[in-house]
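J.: For the sequence shown, position 120 matches number 107 in the working numbering, and the numbering has no gaps at all. Quick one: structure below, then a few questions.
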Amino acid sequence: MIMGMIRGDEYRERLQRVKPEIYYLGEKIESVATHPAFLPHVNAVALTYDMAWAPEFEELLTTKSHLTGEKINIFTHIHHSTADLVQKVKALRALGQQTGSCFARCVGHDALNAIYSVTYDMDQKNGTEYHQRFLNFLKEVQAKDLFISGAMTDPKGDRSLSPSEQADPDQYLHVVEKRRDGIVVRGAKAHITGAVNALGHLVMPTTSMKEADADFAVCFYVPVDAPGLIHIFGRQTNDERKCGCLIDQGNVEYGIVGGEALVVFDDVFVPWEHVFMCGEYDFVFELVERFATAHRQNYGGCKVGLSDALIGATYALAEVQGTAKASHIRDKLVEMVHLAETLYCCSLACSCQGYALPAGNFMADPLLANVTKLNVTRHIYEIARLAQDIAGGILATLPSEIDWQDSRVGKYVDKYLKGVASVPAETRMRLLRLIEGMTCGTALVESMHGAGSPQAQKIMIMRRANWEHKKRLAQKLAKIRERPK
Ligand code: SF4
Ligand code: FE
C-alpha cells in the first residue's frame, strides 16, 4: 500500500469497523457496507479508490501532496494551479462515465479546499491558530485517504429570519457549550451526500452571518460514529427496487444518485484539535462562497460523465427499437451531446480562469462556476427530456422483470418487448430501466438543488456581475457623460 492511497476493499473494511447510528425505513442499520439500500453508494465510493490504481486512470485520479510530496488520491488534494482544477473536472467526468451515478467524494474534497484557505485568512487577521490545526488534520486525511462528507446545509426553519432570530435555534447548527477541551454542538445538517457511508463529516456554516449569529459560525470535523450523531437516510425514487430486483434497478451496481441523509447533532462533543472556526462570523461568507464555487465547478464534470452514459443508453435503445437512423432521432442525439459538452466547456472555463487565494491554493472563477451550475439546472433536464422523447412511452409502462420471468406471462412480455429481431428483449428492458433511473425523480432533483438551488447561484452571479463596469461600457459607446449630482 502507498501511504496516502487505499483501495476500495480497505474502504469497505473501514466501514465495517465503524458503528455510526443510521436509520432507514424505521430500521437501525447494522452495516452500510452490506445493506442493499446502501451498497450502490458504497460501490461508487469504492470505485474512486480502485480507479486511482488502474493504469488508464492513474494519471487523472492521483497527484502529489503539497505537504508531504507523497502520491495521493485526487480527492484529498489541495489545488495549487489551474491545471489542478482542470484535472479535477476531467477526473469527475471519467468517474461519472464509469458509475453513471454520484460518487460523493467531491463534497468533502471541496470542503477541504475551502477550509484550507479560510483558516489561513482568519489567522492572518486575528492571530489564531486554525490553519496549523487544519494542516495537521489534512495530513491525516491524506495519509489515510479518508472519505469525508462535506456538511453545509442547515434545515433553516423560517427562511425570512437569520440564524439567531429563529424561534428554534437548532434550525441552524450552533455551539451550546465551550469547554477547556472542546465544544458541544447542536442542530442538524440536511441533504448531506455520502453521510452514511463516509468515515466522518467536515461541517461548515451555511449562510453569511452577523455578530448576533456568532454561535452559529462554527466549522469542525467529527467522526461518523461520534456519540450524539444520528443519521436518517432519505428515500429515493423506486428505492424499494433495491430489495429483490436487479434489472428494474437500472444501475444495480452504483444506483441512480448519491445517498443523502439528514444528520442530527444531538449535543455532539468536538475536541479543539478538530475545530476550524468558532465565532468568526465575518469569515463565514468567504467560507460559503469558496466551498460553493468549488462544488459548482464540479457539475460540468460529473454530470457530463453521467450524460455520456445516458446518451449512450439512448443511442443504443434507438438502435434496438429501429429508430436510430431516423433524422429527427439523430438530431435529438446531437442536441444531447451539444448540451452536455456545453456544460463541460463551462467547468473547464471556470477552472482555467481560476486564481490563487492568499493561502496559495487555487479556486475556480466564482462567476463562471456559478454559471456552470445554473446551466446544469437547465441542460440536464433538457438532456433527460430528449432521452425520454427518444425512448418512448414504454419508459413509463414497462412490465417488471418479475413478470418477464413469470412462468405464465413471461413469454408474452418477452415477445412484445422485442424490437429489432436480432436483439433480445432483455437488452431493451435493461436500457429502458437505466434511462428511467437516470431521468426520473431523485436524479433530476440532484441536478436542480445539489450544490445549492438555482436562486443561490443567481445571488452569486448578481454579486459578481460587475454592473458598474458594464454600465460604463454602455455610457462610453453611447457618448453619455455622467453629470455631477
Ligand atoms: Fe461529486 Fe457530482 Fe456527486 Fe456532487 S453530485 S458529490 S460533484 S459526483
Ligand atoms: Fe451534489
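Yeah, the Cβ is synthetic: ideal placement off N, Cα and C, and Gly gets one too. These numbers were taken from a predicted model, which means no experiment stands behind them.
Could you tell me the boundaries of the beta strand (DSSP E) in which residue 161 lies?
T.: Run containing residue 161: 161 to 165, per the beta strand (DSSP E) assignment.
J.: Our contact map puts residue 279 next to residue 447 with C-beta atoms below 8 Å; I'd like the distance itself, whole angstroms only.
T.: The pair is a contact, with the Cβ atoms about 7 Å apart (cut-off 8 Å).
J.: Whole angstroms is fine: what's the gap from residue 399's alpha carbon to residue 411's?
T.: Cα to Cα, the separation comes out at about 13 Å.
J.: Can you have a look at residue -8 and say buried or exposed, based on whether 16 or more other CB atoms are within 10 angstroms of its CB?
T.: Classification for residue -8: buried.
J.: Which one of 377, 439 and 199 has the shortest CA to CA distance from residue 314?
T.: Of the candidates 377, 439 and 199, the one whose C-alpha sits nearest the C-alpha of residue 314 is 377.
J.: Per DSSP, what kind of secondary structure is residue 368 in: helix, strand or coil?
T.: Helix at residue 368.
J.: Pick out the complete alpha helix (DSSP H) segments inside the segment 55 to 140, 4 residues or longer, and give them in chain order.
T.: Taking only runs of at least 4 residues, the alpha helix (DSSP H) segments lying wholly in the segment 55 to 140 are 69 to 86, 92 to 113 and 117 to 131.
J.: Helix, strand or coil: how does DSSP classify residue 431 here?
T.: It is helical.
J.: What are the uninterrupted segments assigned as alpha helix (DSSP H) that are 4 or more residues long and contained completely in the segment 383 to 452, given in chain order?
T.: For the segment 383 to 452, whole alpha helix (DSSP H) runs of length 4 or above, ordered along the chain, are 388 to 391, 397 to 403, 412 to 426, 429 to 436 and 441 to 451.
J.: For residue 170, report the span of its alpha helix (DSSP H) as first-last.
T.: Premise fails: residue 170 lies in the beta strand (DSSP E), 169 to 180, not in any alpha helix (DSSP H).
J.: Hey, out of 192, 38, 218 and 246, whose CA is closest to residue 9's CA?
T.: Answer by Cα proximity: 218.
J.: Measuring from the CB of residue 285, is there a heavy atom of the ligand SF4 at a distance below 6 Å?
T.: Result yes, Cβ under 6 Å from the ligand SF4.
J.: How would you call residue 391, buried or exposed, if buried means at least 16 neighbouring beta carbons within 10 angstroms?
T.: Classification of residue 391: buried, given that the 10 Å Cβ count is 16 or more.
J.: State the start and end residues of the unbroken alpha helix (DSSP H) segment that holds residue 316.
T.: 314 to 339 is the span of the alpha helix (DSSP H), which, as asked, contains residue 316.
J.: Under 6 Å: does the beta carbon of residue 412 sit that close to some heavy atom of the ligand SF4?
T.: Answer for residue 412: no, Cβ out of range of the ligand SF4.
J.: Confirm the yes/no value for this check: CB of residue 93, any heavy atom of the ligand SF4, distance under 6 Å.
T.: Indeed, a heavy atom of the ligand SF4 lies less than 6 Å from the Cβ.
J.: From which residue to which residue does the beta strand (DSSP E) around residue 289 run?
T.: From DSSP, residue 289 is part of no beta strand (DSSP E) but of the alpha helix (DSSP H) over 271 to 308.
J.: Could you tell me whether the Cβ atoms of residue 247 and residue 188 are closer together than 7 Å?
T.: Contact flag unset, no.
J.: From residue 70 to residue 58, what distance separates their C-alpha atoms?
T.: For residue 70 and residue 58, the distance between alpha carbons rounds to 17 Å.
J.: Quick check on DSSP: helix, strand or coil for residue 15?
T.: In the structure shown, residue 15 sits in a strand (DSSP, three-state: E or B).
J.: By Cβ distance, which residues of its chain are closer than 7 Å to residue 271, with the 5 residues on each side in sequence left out?
T.: For residue 271, where only same-chain residues beyond five positions count, the Cβ hits under 7 Å are 192, 195, 196 and 204.
J.: Applying the 10 Å Cβ sphere with the 16-neighbour rule, what's the burial state of residue 77?
T.: So residue 77 counts as buried.
J.: Run the CB neighbour count on residue 154, radius 10 Å, all protein chains shown included, and call it buried at 16 or more, exposed below.
T.: Burial call: exposed.
J.: Pair every Cβ in the segment 377 to 388 with every Cβ in the segment 340 to 356, then say whether three or more of these pairs are closer than 8 Å.
T.: With the cut-off at 8 Å, the segment 377 to 388 and the segment 340 to 356 do not touch.
J.: From which residue to which residue does the beta strand (DSSP E) around residue 50 run?
T.: 49 to 51 is the span of the beta strand (DSSP E), which, as asked, contains residue 50.
J.: Hey, quick one: how far does the beta strand (DSSP E) through residue 42 stretch, first residue to last?
T.: Here residue 42 belongs to no beta strand (DSSP E), and DSSP marks it neither H nor E.
J.: Assign residue 22 to one of three DSSP states: helix, strand, or coil.
T.: Three-state result, residue 22: coil.
J.: Assuming residue 264 contacts residue 117 (C-beta within less than 8 Å), just tell me the rounded distance between them.
T.: Yes, they are in contact, since the Cβ atoms of residue 264 and residue 117 sit about 7 Å apart, within 8 Å.
J.: Would you kindly work out how many angstroms separate the C-alpha atoms of residue 341 and residue 0, rounded to a whole number?
T.: Distance between the alpha carbons of residue 341 and residue 0: 37 Å.
J.: When every heavy atom of the ligand SF4 is checked, does at least one fall within less than 6 Å of the C-beta of residue 245?
T.: Correct: residue 245 has its Cβ closer than 6 Å to the ligand SF4.
J.: Can you tell me whether DSSP reads residue 243 as helix, strand or coil?
T.: Coil, per DSSP.
J.: Buried or exposed: which applies to residue 4, given that a residue is buried once 16 or more other Cβ atoms fall within 10 Å of its Cβ?
T.: Exposed: under 16 other Cβ atoms inside 10 Å.
J.: The ligand SF4 and residue 349: does the residue's C-beta get closer than 6 Å to at least one heavy atom of that ligand?
T.: Outside the cutoff, so no.
J.: Provide the residue(s) that pair with residue 256 in DSSP beta bridges, ordered along the chain.
T.: The partner list for residue 256 (beta bridge, DSSP) reads 171.
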